[in-house]
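Protein chains: 2
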Amino acid sequence: MPSDYPQMFVALLHFPVYNKVRQVVATSLTTLNLHDLARLTATYGTPGCYVVTPLQRQRELAHQMIVHWTQGYGATYNPTRAEALQHIHLVEHLEAVQQDILQRYGVAPRTIATDARQFPQCISYTALRQIIWQRRDAFLLLLGTGWGLAEEVMTQCEYILAPIYGLTPYNHLPVRVAAGIMLDRLLGQADAVAGSFPLPACDEKGTGSCML
Amino acid sequence: MPSDYPQMFVALLHFPVYNKVRQVVATSLTTLNLHDLARLTATYGTPGCYVVTPLQRQRELAHQMIVHWTQGYGATYNPTRAEALQHIHLVEHLEAVQQDILQRYGVAPRTIATDARQFPQCISYTALRQIIWQRRDAFLLLLGTGWGLAEEVMTQCEYILAPIYGLTPYNHLPVRVAAGIMLDRLLGQADAVAGSFPLPACDEKGTGSCML
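If you're matching them up, the sequences are chains D and R in order.
Taking the working numbering, the leading residue of the first sequence gets 1, the next gets one more, and so forth.
Taking the working numbering, the leading residue of the second sequence gets 1001, the next gets one more, and so forth.
The following block contains the structure:
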C-alpha cells in the first residue's frame, strides 16, 4: 500500500457486547465472519484485521482454521482465501489490539466505534471520509457483534460512526455486510478498476479523480 | 417505497454458474446467504429478492426455514429477521424470476449481470447509478455464486456491471458482502439518517441532497 493511503485497521469484537436483553456478554466467533472480513480487509488494504474474543478455546480453534488455509493444504486449494487470511490476528481484548498495532506498525490509531443506533455525537460518513483522507492518520474501526458494542467501548472511542441507512428505515444488517458498506463509504472509489492502483494522491478538496 | 424510487430487484443464481474448472454447475444454496441478502434487500428497498436453484429439495428446505422465521416461533423471537425474509422468493430458473416480477409487479426489468471479472463492455457504477436514478425503470441485479455467472446469462443481460475494487487489486469478495457494496454504490446515500425517509426526489443532474 502506498504511504499516502490512510491506514484503516479493523477489529471485530466479540466482547464486550450486548445480548438481546442488554447484558454484557461474549458472543461466539464464527469462521464465516473471519473469512468474509479477511477478504474485505484484503480488498480495502487494511493492514491488519483483529478478531477479539476472551475465550481462549475459540481463539485456538480459529487459529487452527487459519493455519489450515494459509499454510496447510488449503493454501494451495484456495490461494485467494490464503492471501486474505494472512491479515487476521486473534487477540484476547481491545487493549491487546492497540498494543499490537503500536508494536507491529508503530502507530496509535484513532478509534471509530460503529453501531446500528444513532447517537447525537455520531459523525457522518462524508465528514469522516474527509478526515481519513486528509489527515493521513491511522484509524481503528471497531465492529460489534451480538446487539452491539458495550457502552464502555463506545465512550472511549474518538468517533462514533453514523449507522448505515439505505432507502428504508430498516437497518439491521449483519456485521460482515455492514462492514463492507462502511469500508466502501470511507475508503472506496466507485469507479476504481483493476489498473487503477496505486490511486492518485488526494488533493485537499478531494476533487478530480480522487476520493470524494 | 415512494413511487419515484427506482425499483431494483435482486436475484441470486445458483445455476447456471461456473465451478473452479469452468464447468457449468448448480451450487448449493446456503441459509446464511438467504438471511444476509434478505436483510440487505430490506435495507435498500428491493421489492423482491429471488433465489434461483433448479434443485427442488433445496428450494423446499429453504422454504421451510423461511416459514419458521416469518410465521413460526422465529417470527416472534427475531422480528427483524422475519421482516427481511418476507421479500425472498425461491424459484427454479432465471426465466421464472422475470415471469414472477411481471406478474407480481407489472414490470419487465432491465437486467444487470455482475461478476468479479472485467469485460470491455462493463458499465461503471457512476454511469449505472445515473441511469437508475434518472430513468426510473425497473432493474434486476443478477448475483452469481461459485466462480461466477455462466456466459449464457451474461450475454442476455443489458448491462454488465464493473467488478468491485477497493484500494488493492484483490477482488475476491463473498457474494453477500459484494452485494452490499453494489447496492450502496447504486442506490445508497452516504449521509442518510433515520429521519431521512422518504428521500427527496432527484433532479436531473442529481445535485444537492440527492443521489449523485
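Just so you know, even glycine gets a beta-carbon here, dropped at the ideal spot from N, CA and C.
Since we're looking at a predicted model, the values are computed, not measured.
*Tell me, which residues are paired with L1142 of chain R by DSSP?*
R:A1011, R:A1113
*At a CB-CB cut-off below 9 Å, which residues of chain D make contact with F1197 of chain R?*
Y165, L167, T168, P169
_Going by the DSSP bridge assignment, what does H89 of chain D pair with across the sheet?_
D:Y50
*Determine the extent of the alpha helix (DSSP H) in which I1131 of chain R is found, giving its start and end residues.*
1125-1135
*For E83 of chain D, collect the residues of the same chain with a Cβ closer than 8 Å to its Cβ; drop the 5 residues on either side in sequence, then sort them by chain order.*
A42
*Span of the beta strand (DSSP E), counted from its first residue to its last, around L161 of chain D*: 159-161
_Run through chain R and tell me which residues come within less than 7 Å of S124 of chain D, C-beta to C-beta._
D1191
*With distances taken Cα to Cα, identify the nearest neighbour of R117 of chain D among D:L29, D:H172, D:R110.*
D:H172
*asked:* Cutting at 8 Å between CB atoms, please list the residues of its own chain near I132 of chain D, excluding the five before and the five after it.
replied: P6, M8, F139, L186, L187
*T1043 of chain R lies in the alpha helix (DSSP H); which residues open and close that run?*
1031-1043
*Could you check how far apart the C-beta atoms of L40 of chain D and V1177 of chain R are, in whole angstroms? I think they sit under 8 Å.*
6 Å
_H63 of chain D: first and last residue of the uninterrupted alpha helix (DSSP H) it sits in_ = 56-70
*What residues match up with Y1018 of chain R in a beta bridge as DSSP calls it?*
R:V1024
*Ends of the alpha helix (DSSP H) at A1150 of chain R?*
It is not in any alpha helix (DSSP H) - A1150 of chain R carries neither H nor E in the DSSP assignment.
*Is the region 1101-1117 of chain R close to the region 1018-1029 of chain R, with three or more CB pairs under 8 Å?*
no
*Identify the contact partners of T80 of chain D in chain R, using a Cβ-Cβ distance below 7 Å as the criterion.*
H1172
*State the DSSP-derived secondary structure class of V175 of chain D, mapped to helix, strand or coil.*
helix
*Report the three-state DSSP secondary structure of Q98 of chain D (helix, strand or coil).*
helix
*Starting from the beta carbon of A219 of chain D, find every residue of chain R whose beta carbon is closer than 8 Å, and list them in chain order.*
This structure does not reach residue 219 of chain D, given that chain D is present from 1 up to 212, and the question cannot be answered.
*On the three-state DSSP scale, how would you describe L1167 of chain R?*
coil
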